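K.L.:
Residue numbers (the numbering used here), protein chains in the order written: chain A, 2 to 179; chain B, 4 to 179.
Sharing a structure with you now.
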Amino acid sequence: MNVLYLDLNRCIYCRACEVACEREHGGVSRIFVTLLDWTEPVPVACRHCEKHPCVEACPVDAIEVTDEGAVIIHTNKCISCGLCVIACPFGVIELDKAGKIADKCDLCAHRLADGRQPACVLTCPTRCIQYGEFEEIMARARAKPGLTLVSAVGETGTVVTMPDRPAGAVQKATSGSD
Amino acid sequence: MIIGKLKEAIICLRAGRVTLRYPFEPSVVPEGFHGQPQLDIDKCTGCGACSMACPARCIEITDEADQRTMLYCLDRCSYCARCQEVCPEEAIVLSSEFELATDSVDDLRVTARFDLVRCEECGEVVGTRREIEKLAAEMPEKTGISVDQISWLQLCAECKRKRSLETARDLQAPEQ
Chain A
2 MNVLYLDLNR CIYCRACEVA CEREHGGVSR IFVTLLDWTE PVPVACRHCE
52 KHPCVEACPV DAIEVTDEGA VIIHTNKCIS CGLCVIACPF GVIELDKAGK
102 IADKCDLCAH RLADGRQPAC VLTCPTRCIQ YGEFEEIMAR ARAKPGLTLV
152 SAVGETGTVV TMPDRPAGAV QKATSGSD
Chain B
4 MIIGKLKEAI ICLRAGRVTL RYPFEPSVVP EGFHGQPQLD IDKCTGCGAC
54 SMACPARCIE ITDEADQRTM LYCLDRCSYC ARCQEVCPEE AIVLSSEFEL
104 ATDSVDDLRV TARFDLVRCE ECGEVVGTRR EIEKLAAEMP EKTGISVDQI
154 SWLQLCAECK RKRSLETARD LQAPEQ
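Written out as structure tokens, the structure reads:
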């Protein structure tokens, strides 16, 4: 099964992945580069969890798990009840502003069908986002410094290598700094 | 000519009464008739799917403080039954009621109020309390996540993204 891999030591906050995702999905990005403690940029996209709360929450079975392990939303079935938005542990499903339809990363299913990589993976200038076989990704990730974890609900899903910083090096921003 | 008129009269008399005695006896509507929508307030979770589906925009949702108000303006209803089709709880059903003439438009307006849950961190609207309680009740059984692990239901999407990262960060560098 293929998964996304995020090596957070490499993200430089250029947000090229967001632009690539917007270009690929009609102007709305489904990957969010989020600042952690105002210092660490982290691209957050759907984790494609093995145990998927969104699929269980959907009352009309509009969310489906494909054979490749991708969790995709069939937007034509969505009734915009917003239950998947509440159920998602990572906050990567949002209702779009215009049609109020739930949408999220589908691992660029149309590109994978053509044998191409997802747009964010190809675009990332530092190869922070990678896509490949789960076992191979895990082997590659474990060889690197920093904590490697499967950041998803279940055994498989998106693999993340956290930034390699000594304990206490990251200064927490005070609440008044924004 | 008179014979012709007589023949006509005989034909009409033989047919008997062909109309209903409607106002004096009830008219039975066929099965699947689209009458006035009726809301079952006990089933409704206030998710707002019907409001999105309604082509006549009969269902208005306003979020204020800690309450969501859903106003059903049934005077505008076109009886298309889209709300019935989309409702995940089967809480809104088109009944067989069709005698809707009234002196006051308020008779055709229904208001439902729900408790809102706002994001613990930023105060953004997350959903209604009923939606979240329903998810919290179903989630452990369906996904195998234990109840105490489900902490994200009270957070908005943006704060969930931050919280999940902070959780991962804290795994690496525990608080000192």
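We treat Cβ as the ideally placed atom computed from N, Cα and C, and that holds for glycine.
A quick note: this is a predicted structure, and the numbers were derived from the prediction, not measured.
If you measure between the beta carbons of Val45 (chain A) and Val93 (chain A), is that distance less than 8 Å?
P.N.:
Cβ distance < 8 Å, so Val45 (chain A) and Val93 (chain A) count as in contact.
K.L.:
Does Glu123 (chain B) come out as helix, strand or coil in the three-state DSSP assignment?
P.N.:
Coil at Glu123 (chain B), not helix or strand.
K.L.:
Can you tell me which of the three DSSP states Val129 (chain B) falls into?
P.N.:
Note: Val129 (chain B) maps to strand in three-state DSSP.
K.L.:
Check the Cβ-Cβ distances between Thr146 (chain B) and every residue of chain A, and say whether any is below 8 Å.
P.N.:
By this cut-off, Thr146 (chain B) is an interface position.
K.L.:
Indicate whether at least one CB of chain B lies closer than 8 Å to the CB of Ser30 (chain A).
P.N.:
Not an interface residue.
K.L.:
Check whether the Cβ of Pro91 (chain B) lies closer than 8 Å to any Cβ atom in chain A.
P.N.:
Taking Cβ atoms only, chain A reaches closer than 8 Å to Pro91 (chain B), which makes this a yes.
K.L.:
Starting from the N-terminal side, write out each stretch of the alpha helix (DSSP H) that is 4 residues or longer and does not extend beyond the segment 85-159 of chain B.
P.N.:
The qualifying runs are 85-89 and 132-146.
K.L.:
Ignoring anything shorter than 3 residues, give me the beta strand (DSSP E) runs that lie fully in the segment 93-165 of chain A, in order along the chain.
P.N.:
The qualifying runs are 130-134, 149-151 and 160-162.
K.L.:
If you check the beta carbons only, do Thr48 (chain B) and Arg133 (chain B) fall under 8 Å apart?
P.N.:
Contact: yes.
K.L.:
Can you find a C-beta in chain A that's less than 8 Å from the C-beta of Arg121 (chain B)?
P.N.:
No - not a single Cβ of chain A is within 8 Å of the one on Arg121 (chain B).
K.L.:
Using the beta-carbon of each residue, which ones in chain B are nearer than 8 Å to Leu37 (chain A)?
P.N.:
Result: Lys165, Leu168, Glu169 and Arg172.
K.L.:
Would you say Met55 (chain B) faces chain A, with C-beta separation under 8 Å as the test?
P.N.:
Yes, Met55 (chain B) counts as interfacial toward chain A.
K.L.:
Going by alpha carbons, who is nearest to Thr67 (chain A) out of A:Ala114, A:Ala144, A:Tyr6 and A:Arg16?
P.N.:
Minimum Cα distance to Thr67 (chain A) is reached at A:Ala114.
K.L.:
Could you tell me the boundaries of the alpha helix (DSSP H) in which Cys15 (chain B) lies?
P.N.:
Looking at the DSSP string, the run of the alpha helix (DSSP H) that includes Cys15 (chain B) is Ile5 to Ala18.
K.L.:
Check whether the Cβ atoms of Glu136 (chain B) and Leu158 (chain B) sit closer than 8 Å, and answer yes or no.
P.N.:
No.
K.L.:
Exposed or buried, what is Cys15 (chain B) when buried is set at 16 or more other beta-carbons lying within 10 Å of its beta-carbon?
P.N.:
Burial call: exposed.
K.L.:
Within 8 Å (strictly less), CB to CB, does Cys50 (chain B) reach chain A?
P.N.:
Yes - at least one Cβ of chain A is within 8 Å of the one on Cys50 (chain B).
K.L.:
Between the segment 83-117 of chain A and chain B, which residues of the former have a C-beta closer than 8 Å to a C-beta of the latter?
P.N.:
So the list reads Gly83, Leu84, Val86, Ile87, Ala88, Cys89, Pro90, Phe91, Gly92, Val93, Ile94, Glu95 and Lys101, given in the order they occur along the chain.
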